[in-house]
Amino acid sequence: MHNEISIGLLGLGTVGSGVATILQQHQEDLRHKLGTKVSIKKVLIKDKNKERLSALDPSIFTTDIDELLTDPSLDIIVEVMGGMGGAKQAIEKALRAGKQVVTANKDVMAEHGHELLKLADEKKCDLFYEASVAGGIPIIRTLEDGLASDRIAGLMGIVNGTTNFILTKMKQENMSYEEALAKATELGYAEADPTADVDGWDAARKMVILSSLAFSTEVRLEDVLVRGMKEIQAGDLEIAEGFGYTIKMVGSSKKDEDGIEVAVEPILLPNLHPLSSVNNEFNAVYIYGEAVGETMLYGPGAGSLPTATSVVSDIIAACRNLLLEVNGQRIHAAQHALIIKEEKYRFAKYLHRLLVNDQVGVLTQLTAIYSKHGASLQSVMQHPADNEGQAELVLLTHTISRQQHLDVLNDIKGLASVISHYRIEGENA
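Sequence positions in the sequence shown follow full-length UniProt numbering and run 1 to 429.
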């Protein structure tokens with residue numbers, strides 16, 4: 001019987017400080033839930049001279065990671081260092097030492113989660129990672145436990161608060177992309193280098209984690225189709241609104257008899273879709289289950305205390321398993337082989353925006369191309385362009401395959417009458 005459960009904390013930054021705060025302030029609640037005390041016994045920091053707001057005793061701080069990973073008195077290692085540098089090795093070493101591990105590291109879990117979970121199974125240890133996706137939203141636990149009796153057919157979500165904040169400001173306050181990004185940076189929602197967010201890679205890593213779990217298979221980063229939000233041009237949001245849509249950066253994954261498709265890209269969502277009303281830095285994940293139908297989880301996707309709440313929830317789960325002596329009993333092995341859908345089996349609507357010479361026969365040439373590839377059009381709109389003798393055409397297709405969409409765009413490139421073209425990803429079928 002554990003009279004006290006001891007924790008080694010790797011990192012005391014934004015999330016680590018939040019974890020320390022919750023564990024300190026909620027001791028009475030934790031003792032009531034667990035019947036024992038939970039204490040942080042050692043903390044890994046980078047700089048002992050840095051002034052910290054944490055109320056933790058500085059005597060437990062160390063800059064030597066091995067001091068934590070090899071300490072036999074520590075029951076649980078909590079990794080909140082962030083990034084890839086050293087985190088994967090730390091988690092691996094902790095598991096090999098028989099420690100229970102809690103991590104908030106999406107990068108490590110997206111790229112090395114499969115092997116680390118296998119190691120946890122082998123060593124009969126727990127590896128919890130709720131905080132790696134969507135901050136304070138309990139999406140991992142929902143998929144693992146709440147919907148364990150169901151088969152997940154698909155999920156889609158806004159899992160990056162930075163891009164959602166930018167798009168909200170562009171739509172609601174008519175900001176340019178650059179203005180909205182500057183505002184996000186000022187408020188701390190965007191990093192100094194926002195590339196991982198705006199190019200879609202942060203969300204892609206989260207979709208790897210969610211898709212692997214939802215479909216019990218081994219999805220990897222290279223399996224995700226990724227398009228960033230920089231492709232969204234001036235006027236796109238207004239055009240989408242004219243068709244009854246909202247543009248959002250969405251991560252989506254679907255599974256059917258043809259395989260699995262996983263993507264992160266700007267897409268058109270019907271204005272009445274629940275995700276269309278998710279604004280600013282908030283996240284939401286919409287789940288399709290064969291039995292439960294449709295359900296959505298909504299909440300803060302980042303931040304010190306929201307993310308720390310998920311970390312501490314994992315700590316409580318690890319503590320309960322320790323007290324019951326059932327650590328490492330959860331099966332993490334993939335149930336299904338991964339089959340990624342071919343382009344011809346991925347279906348959606350597509351919105352193509354073209355700048356053309358305003359002359360007789362251009363629309364006929366274009367519709368002939370769509371007809372050639374069996375891509376029917378739902379709507380066609382023409383707008384005057386800035387330059388005389390030019391026009392802007394906006395074409396919204398019915399549901400077609402991605403292969404049809406790519407073939408259409410490839411042929412359009414060859415038309416002398418088309419000056420420039422690009423597309424907004426259409427509503428998922």
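Heads up, the beta-carbon is just placed ideally off N, CA and C, and yes, glycines get one too.
Cβ neighbours of residue i in the same chain (closer than 6 Å, five flanking residues each side left out)
{"i": "valine 292", "result": "Asp150"}
{"i": "glycine 414", "result": "none"}
{"i": "histidine 332", "result": "Leu117, Asp121"}
{"i": "leucine 34", "result": "Cys319"}
{"i": "isoleucine 77", "result": "Gly8, Ala94, Lys99, Val101"}
{"i": "histidine 383", "result": "Glu392"}
{"i": "phenylalanine 165", "result": "Ala184, Tyr189, Asn280, Glu281"}
{"i": "threonine 309", "result": "Gly136"}
{"i": "lysine 254", "result": "Gly154, Glu261"}
{"i": "alanine 263", "result": "Leu225, Ser252"}
{"i": "valine 394", "result": "Ile239, Arg353, Met381"}
{"i": "asparagine 160", "result": "Asp197, Asp202, Ala203"}
{"i": "serine 276", "result": "Thr246, Leu269"}
{"i": "glutamate 231", "result": "none"}
{"i": "threonine 295", "result": "Ile287"}
Reduced DSSP secondary structure (H/G/I, E/B, other) of residue i
{"i": "tyrosine 350", "result": "coil"}
{"i": "alanine 429", "result": "Residue confidence for alanine 429 is low, a pLDDT of 41 falling below 50, so the modelled location carries little weight; the figure read from the coordinates is stated next. Residue state, collapsed to three classes: coil."}
{"i": "alanine 284", "result": "strand"}
{"i": "aspartate 407", "result": "helix"}
{"i": "glutamate 4", "result": "strand"}
{"i": "valine 208", "result": "helix"}
{"i": "leucine 377", "result": "strand"}
{"i": "lysine 50", "result": "coil"}
{"i": "glycine 414", "result": "coil"}
{"i": "aspartate 121", "result": "helix"}
{"i": "glycine 251", "result": "strand"}
{"i": "valine 38", "result": "strand"}
{"i": "histidine 32", "result": "helix"}
{"i": "histidine 383", "result": "strand"}
{"i": "glutamate 115", "result": "helix"}
{"i": "glycine 16", "result": "helix"}
{"i": "isoleucine 232", "result": "coil"}
{"i": "valine 108", "result": "helix"}
{"i": "glutamate 218", "result": "coil"}
{"i": "alanine 240", "result": "helix"}
{"i": "alanine 55", "result": "coil"}
{"i": "glutamine 24", "result": "helix"}
Counted within 10 angstroms of its Cβ, other Cβ atoms place residue i as buried (16 or more) or exposed
{"i": "asparagine 410", "result": "exposed"}
{"i": "asparagine 174", "result": "exposed"}
{"i": "residue 454", "result": "In the structure as shown, the chain starts at 1 and stops at 429, and residue 454 therefore has no counterpart that could be examined."}
{"i": "alanine 429", "result": "Note on alanine 429: pLDDT 41, under 50, position unreliable in the model; no value is reported."}
{"i": "threonine 163", "result": "buried"}
{"i": "residue 432", "result": "With the chain represented from 1 up to 429, any question about residue 432 goes unanswered, as that position is not in the structure."}
{"i": "alanine 148", "result": "exposed"}
{"i": "lysine 37", "result": "exposed"}
{"i": "arginine 31", "result": "exposed"}
{"i": "proline 138", "result": "buried"}
{"i": "aspartate 66", "result": "exposed"}
{"i": "proline 274", "result": "exposed"}
{"i": "leucine 336", "result": "The identity of residue 336 in the sequence shown is histidine, whereas the question assumes leucine. The residue in question, histidine 336, is exposed, as its Cβ has fewer than 16 Cβ neighbours within 10 Å."}
{"i": "glycine 49", "result": "Residue 49 is actually asparagine in this sequence, not glycine. Asparagine 49 comes out exposed."}
{"i": "alanine 375", "result": "buried"}
{"i": "histidine 114", "result": "buried"}
{"i": "isoleucine 339", "result": "exposed"}
{"i": "tyrosine 286", "result": "buried"}
{"i": "arginine 96", "result": "exposed"}
{"i": "lysine 206", "result": "buried"}
Per DSSP, cross-strand counterpart(s) of residue i
{"i": "leucine 355", "result": "Glu392, Ser420"}
{"i": "threonine 246", "result": "Leu269"}
{"i": "aspartate 224", "result": "Here the sequence assigns valine to residue 224, which means aspartate is not the residue at that position. Per DSSP, Val262."}
{"i": "valine 43", "result": "Leu9, Phe61"}
{"i": "serine 401", "result": "Phe347"}
{"i": "aspartate 256", "result": "Gly259"}
Cβ neighbours of residue i in the same chain (closer than 8 Å, five flanking residues each side left out)
{"i": "isoleucine 60", "result": "Ile40, Lys41, Lys42, Val43"}
Cβ-based neighbour list, residue i, same chain, cut-off 7 Å, excluding 5 preceding and 5 following
{"i": "glycine 16", "result": "Leu9, Val80"}
{"i": "glycine 83", "result": "Asp107"}
{"i": "phenylalanine 215", "result": "Ile152, Lys255, Ile260, His336"}
{"i": "asparagine 271", "result": "Gly244, Tyr245, Thr246"}
{"i": "lysine 344", "result": "Ser401, Gln403"}
{"i": "alanine 182", "result": "none"}
{"i": "leucine 322", "result": "His2, Ile5, Asp75, Gln100"}
{"i": "leucine 221", "result": "Ala110, Glu111, Ala204, Arg205, Val208"}
{"i": "isoleucine 369", "result": "Val408, Asp411, Ile412"}
{"i": "isoleucine 140", "result": "Tyr129, Glu130, Val133, Leu213"}
Point to revise | Any beta strand (DSSP E) of 3 or more consecutive residues that is wholly inside the stretch 58-106 | key: 76-79, 100-103
Exercise for review: Can you check the stretch 288-363 for any beta strand (DSSP E) of at least 3 residues that lies completely inside it and give the ranges in chain order?
Suggested key: 293-300, 351-357
**Study point:** Complete alpha helix (DSSP H) runs within the stretch 125-205 (minimum length 4 residues, chain order)
**Key:** 161-172, 177-186, 195-198
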